[in-house]
Structure formats: structure tokens, C-alpha cells
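With this note's numbering applied, the sequence shown corresponds to residues 30 to 122, in that order.
Every residue gets a Cβ at the ideal spot worked out from N, C-alpha and C, and that includes glycine.
Keep in mind it's a predicted model, so treat the numbers as computed, not measured.
For reference, the structure discussed in these notes is given below.
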Amino acid sequence: MVRSFLFVVAVALSVCTAGGAMAGAIFLGPGPWLTGNDTGGIIPYSPEVALTYREMAAEWCGRWGRLSHITSVHRIYGDYISFVCIDKPWMIH
């Protein structure tokens, strides 16, 4: 009886503290190329993503109900395309 209670308490504490650990996490996007969080991200430039980086950024920011804005595009292989996620103008926090 006491062991099962302690187990339940331990599981509850581990679940509650795991959410706080994710607050500053960097998430990886679809595939190994997009890296970011809820404020924006970067995509390494390559000819394969040259036509789809706007859609990738829009999909990424859409996870948090935000719009994407491309801030820089360096069309050099291995350099980065950066974007920020902005709130929708009609959204109230």
C-alpha cells in the first residue's frame, strides 16, 4: 500500500517537473534541417529547400498559432535562412 502510494507520487512529480524542463528547449522540425522554437528558427540553405523554405517556416510557426516572417536568406550552400514567428494582429494574450 505504501509502496504504491510512493510510486504514484514519484510519477506525478516526474510528470510535473518535465514540463518546466521543456521551457527553453530547441525543437527540431520536419527533417534534420529546421531548428527553432516558438519565437522562430533557422533552416540551412540548400538547393532542395530554396523553393519550400517559406512553407516550412509557415508550418513551423503554425504549430503555435503564429505567422512566420522571413528575416534573412543567404543563398550560399550551408548558410542559413532565418525566420521569426509573430503573433497574429487580432490575437489577444
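Reducing DSSP to helix, strand and coil, say where Tyr-106 ends up. As a position in the sequence shown, residue 106 is number 77, starting the count at 1. Tyr-106 falls in the coil class under three-state DSSP.
Excluding sequence positions up to five away, which residues of its chain have a Cβ less than 8 angstroms from the Cβ of Val-78? One-based indexing of the sequence shown puts residue 78 at position 49. Same-chain partners within the cutoff: Trp-62, Ile-72, Met-85, Ile-110.
Cβ neighbour criterion (16 or more within 10 Å) applied to Ile-89: Numbered from its first residue, the sequence shown carries residue 89 at position 60. Reading off the sequence shown, one finds Trp at residue 89, where the question assumed Ile. Classification for Trp-89: buried.
Can you give the Cα-Cα distance for Ser-75 and His-98, rounded to whole angstroms? Your numbering for residue 75 matches position 46 in the sequence shown. Your numbering for residue 98 matches position 69 in the sequence shown. Those two C-alpha atoms are separated by around 19 angstroms.
Going by DSSP, what residue range makes up the beta strand (DSSP E) through Gly-65? Indexing the sequence shown from 1 puts residue 65 at position 36. Note, Gly-65: beta strand (DSSP E), 64-66.
For Tyr-82, count neighbouring Cβ atoms within 10 angstroms of its own Cβ and tell me buried if that reaches 16, exposed if not. For the purposes of this step, residue 82 is identified with residue 53 of the sequence shown, where counting begins at 1. With 16 or more Cβ atoms within 10 Å of its Cβ, Tyr-82 is classed as buried.
Quick one: give me the first and last residue of the beta strand (DSSP E) that Gly-70 is part of. Looking up residue 70 in the sequence shown gives position 41. Here the beta strand (DSSP E) through Gly-70 covers 69-73.
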